[in-house]
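Asks: Per the working numbering, the very first residue in the sequence shown carries number 1106; after that it's consecutive. A virtual CB, placed ideally from N, CA and C, is assigned to each residue, including glycine. All figures in this text were calculated on a predicted structure; none of them were measured in a lab. One structure is given below, represented as structure tokens, and several questions about it will come after.
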Amino acid sequence: MNLSQVSISVIILVTMFFFLWGRFRHDMVALGALIAGVFSGLIPGNEAFAGFGHPAVITVIAVLILSRGLQTTGAVDALVGKTLPPEAGPGLSILAFTGLAALLSGFMNNVGALALLMPAALQTAKKQGLPPGKILMPLAFGSILGGTTTLIGTPPNLIISGFRDRAGLGVFSMFDFTPVGAVVAFFGVLFVGLLGWRLVPNRERQEGSGFETGAYLSEVRIPEGSASAGKRLRAVEGMLDEADAQIVGMVRGDVHVVAPDPGYVLREGDILVIEAEPESLASVLSTAGLRLEEDVSPEEEEKKAGERRRQSFDMYRFRPERSDGGKKEGEKDGNEREVADETGVRELVALPGSPLSGLSATDLRLRTRYGINLLALSRKGARSLTRLRTTAIRPGDVLLVQGSPDALSAFASEYDCLPLASRDIRVPKKGEAFIASFVMGASVLLAAFGVVPAAAAFSAGALVFVLLRIVPPGSVCSAVDWPVVVLLGAMLPLAEAMADTGTADLIANFLLASVARGNPVVGLVAILAGTMILTDFMNNAATAAVMGPIAISAAAGLGVKPDPFLMAVAIGASCAFLTPIGHQNNTLILGPGGFSFSDYWKMGLPTDLLVIAVSVPMLLLVWPL
1106 MNLSQVSISV IILVTMFFFL WGRFRHDMVA LGALIAGVFS GLIPGNEAFA
1156 GFGHPAVITV IAVLILSRGL QTTGAVDALV GKTLPPEAGP GLSILAFTGL
1206 AALLSGFMNN VGALALLMPA ALQTAKKQGL PPGKILMPLA FGSILGGTTT
1256 LIGTPPNLII SGFRDRAGLG VFSMFDFTPV GAVVAFFGVL FVGLLGWRLV
1306 PNRERQEGSG FETGAYLSEV RIPEGSASAG KRLRAVEGML DEADAQIVGM
1356 VRGDVHVVAP DPGYVLREGD ILVIEAEPES LASVLSTAGL RLEEDVSPEE
1406 EEKKAGERRR QSFDMYRFRP ERSDGGKKEG EKDGNEREVA DETGVRELVA
1456 LPGSPLSGLS ATDLRLRTRY GINLLALSRK GARSLTRLRT TAIRPGDVLL
1506 VQGSPDALSA FASEYDCLPL ASRDIRVPKK GEAFIASFVM GASVLLAAFG
1556 VVPAAAAFSA GALVFVLLRI VPPGSVCSAV DWPVVVLLGA MLPLAEAMAD
1606 TGTADLIANF LLASVARGNP VVGLVAILAG TMILTDFMNN AATAAVMGPI
1656 AISAAAGLGV KPDPFLMAVA IGASCAFLTP IGHQNNTLIL GPGGFSFSDY
1706 WKMGLPTDLL VIAVSVPMLL LVWPL
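As structure tokens, then:
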């Protein structure tokens, strides 16, 4: 190995280490690797950021904007309503959700497809009496499988198309992935929907453990003049029993008591930690004369007292409405009342790479900065013994927050959170859903028939969405998953450096000599399996960028066409089923499903084996060696 090969190998290995470690965001790791490549002389300085103009990156940005438009206009919701069976058993419901997720993921961002279907899936799980994870894991797997069916289904497909073009064979067309991807997705969906979901571990909510999407720990304060002040704890517990709530802890001053003695006499200012359904919070608060604990420090509490009285609309939602429609003396019914009526409660799950990671509600100053209350937090079914407002948030945590729709939407957008219990879907204008579907269809056809390159076709569609305000100009930036864009733009020049320095050839030759031993079919299986293992611990786009040059070199070393090897990388990079960190969709269901790290392989391993068993014969049939 020469110096350049050693240098690029060290950079790639260090980059992979940081990807696997997960301590830093993937986009920051990739950008650091790109800078290291420039300073080491492996990547020319004037070409360092050429990857950000790569057609794959442009196409990803455009497709994300189009996906946002399809969501906000209700075009996809109409399809969901007509497709999902209204009354069906668990097996049929899970199969329908999984199949629809796969279908949607072929033409829109698969994270967006999962986001659209999760609320309906959680409601169905509750109606069917199923643990949430029994339907969420098949849903996530279906959305991942569907991404393998088209060029725009997932970023790895676009990256692999770019490698093919660089090899002088031209890009893959819109539906070149369909013959193999559709068959893999079909059998994968059948397995997951009919049998695989039965392998998903039961995560039933039990006393003191487990997880249920509606169960939370909330903090409430005994305010001045409360009916609970001066009463013994057991008396208040009796009042809460009627609302199916229970007291699991108490805070008095700086002392936090778990399972407090029922004989305690409650005082004004005490904080009770209660376990309750979100829907029952109103009853809990009104029955016992309690109020939600606001996320304000003691110093801020006194300083902001006047401001809080003016902005305390968050309490109105939980006050019982008077049937006579009258108002008490001195009650305001102007702007304060209007704001109060708009207040709502929403469940948000923190996405992978969310800026919330490691921060608490106190760090964020939710109440004073955003007008939002953190009512409760659920993390894989585990109770936290720390104060709610000082608990550090992690990816996959489910937050129950309260505030105005605008405040909640802005917060969810800024901090990369996915709404669960209710979705922020603006009311579309008449005909917008049809227009959005037409524009998306036209973009797909332009790309499929080669009228213009895919990047241009989907960019044109995105521009039409913005001009027609289907996606308002102010929402364009929030529609794009910028960490993915940075990751792609930074990794592509590194992948080219691997090929230019001959490092990819060295790795491929080692693989062929030690595993394939000159057999192209064995080499194809090795590339596919190796990619699948790697993508379970790395971002799928990064995996495709690393394995793409190796696949081309392996095919050249065996004297066969590169297409089946590139397709194997595309499929393998997308199929991350063994861990919650290999794909964003797996991470998204971690909290709502109550899963642990080791829960995924139980359905994921059979799914991986099925993908290999189905895809290898199809690759050899559709893309002969």
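Looking at C-alpha atoms only, which residue of Met1213, Pro1365, Ala1631 and Phe1144 is the closest neighbour of Val1165?
Replies: Met1213
Asks: Measuring alpha carbon to alpha carbon, tell me which residue in Ala1517, Ile1612 and Ala1602 is nearest Ser1580.
Replies: Ala1517
Asks: Could you check the C-alpha separation between Gln1351 and Ile1327 for me, to the nearest Å?
Replies: 15 Å
Asks: Which residues bound the alpha helix (DSSP H) around Cys1582?
Replies: Val1581 to Ala1584
Asks: Can you tell me whether Asp1429 is buried or exposed? The criterion is at least 16 other CB atoms within 10 Å of its CB, across all chains shown.
Replies: Note that Asp1429 scores 39 on pLDDT, short of 50, meaning its location in the model is unreliable; the coordinates nonetheless yield the value given after this. Label assigned to Asp1429: exposed.
Asks: Does the separation of the CB atoms of Leu1724 and Leu1629 fall below 8 Å?
Replies: yes
Asks: Measure the alpha-carbon distance for Gly1313 versus Val1353 and round it to whole angstroms.
Replies: Because Gly1313 carries a pLDDT of 33, less than 50, the predicted location of this residue cannot be relied on, and the following value inherits that uncertainty. Rounded to whole angstroms, Gly1313 to Val1353 spans 9 Å at the Cα level.
Asks: Pull up the distance between the alpha-carbon of Leu1299 and that of Val1305, whole angstroms please.
Replies: 12 Å
Asks: Return the CA-CA distance between Val1325 and Gly1698, expressed in angstroms with no decimal places.
Replies: CA-to-CA, the gap between Val1325 and Gly1698 works out to about 26 Å.
Asks: Considering only the beta carbon of each residue, do Ala1155 and Pro1667 sit closer than 8 Å?
Replies: no
Asks: Could you pull the DSSP bridge partners for Met1652 from this structure?
Replies: Its beta-bridge partners do not exist; DSSP assigns none.
Asks: Quick one, which of Ile1116, Ile1265, Phe1157 and Leu1227 has its alpha-carbon nearest Ala1656's?
Replies: Ile1265
Asks: For Ala1455, which of helix, strand or coil comes out of DSSP?
Replies: Residue state, collapsed to three classes: strand.
Asks: Going by DSSP, what residue range makes up the beta strand (DSSP E) through Leu1683?
Replies: That residue, Leu1683, is in no beta strand (DSSP E); it is neither H nor E in DSSP.
Asks: By DSSP, does Ala1350 sit in helix, in strand, or in coil?
Replies: coil
Asks: Is the beta carbon of Gly1251 less than 8 Å from the beta carbon of Ala1207?
Replies: A contact, by the Cβ cut-off of 8 Å.
Asks: Look at the Cβ atom of Gly1217, then the Cβ atom of Val1576, and state whether they are nearer than 8 Å.
Replies: The Cβ-Cβ distance between Gly1217 and Val1576 does not fall below 8 Å.
Asks: Should Phe1682 be labelled buried (16 or more other beta-carbon atoms within 10 Å of its own) or exposed?
Replies: buried
Asks: On the three-pair Cβ rule with 8 Å, is the region 1261–1278 touching the region 1657–1677?
Replies: yes
Asks: Who are the Cβ neighbours of Leu1573 in its own chain at under 7 Å, not counting the five residues just before and after it?
Replies: Ile1540
Asks: Quick one: give me the first and last residue of the alpha helix (DSSP H) that Pro1160 is part of.
Replies: Pro1160 to Thr1177
Asks: Which residues mark the beginning and the end of the alpha helix (DSSP H) in which Asn1262 is found?
Replies: Pro1260 to Arg1271
Asks: Does Glu1324 come out as helix, strand or coil in the three-state DSSP assignment?
Replies: strand
Asks: Are the beta-carbon atoms of Thr1608 and Ser1145 separated by less than 8 Å?
Replies: no
Asks: Determine the direct distance from the alpha carbon of Val1549 to that of Tyr1475, and round the result to whole angstroms.
Replies: Approximately 40 Å between the Cα atoms of the pair.
Asks: What's the gap between the Cα of Ala1660 and the Cα of Ala1226?
Replies: 43 Å
Asks: Using a threshold of 8 Å, state whether the C-beta atoms of Met1652 and Val1674 are closer than that.
Replies: yes
Asks: Nearest-angstrom Cα distance between Met1708 and Ser1679?
Replies: 16 Å
Asks: Straight-line CA distance for Ala1362 to Leu1693?
Replies: Sequence check: residue 1362 is Val here, not Ala. Answer to the nearest angstrom: the Cα atoms are 32 Å apart.
Asks: Reducing DSSP to helix, strand and coil, say where Ala1332 ends up.
Replies: coil
Asks: With C-beta atoms as the reference, is Val1111 less than 8 Å away from Phe1123?
Replies: no
Asks: So if DSSP puts Arg1396 in a beta bridge, which residue, or which two residues, is it bridged to?
Replies: Arg1326
Asks: Can Leu1695 and Gly1501 be called in contact, C-beta distance under 8 Å?
Replies: yes
Asks: If you reduce the DSSP assignment to three classes, tell me which class Val1503 lands in.
Replies: Strand.
Asks: Can you name, in chain order, every residue of its own chain whose Cβ lies under 8 Å from the Cβ of Trp1728, other than the five neighbours on each side?
Replies: Close CB contacts of Trp1728 within its chain, under the 8 Å cut and outside five residues either way in sequence, are with Val1285, Lys1666, Asp1668, Pro1669 and Met1672 (chain order).
Asks: Is the region 1562–1572 close to the region 1605–1623, with three or more CB pairs under 8 Å?
Replies: no
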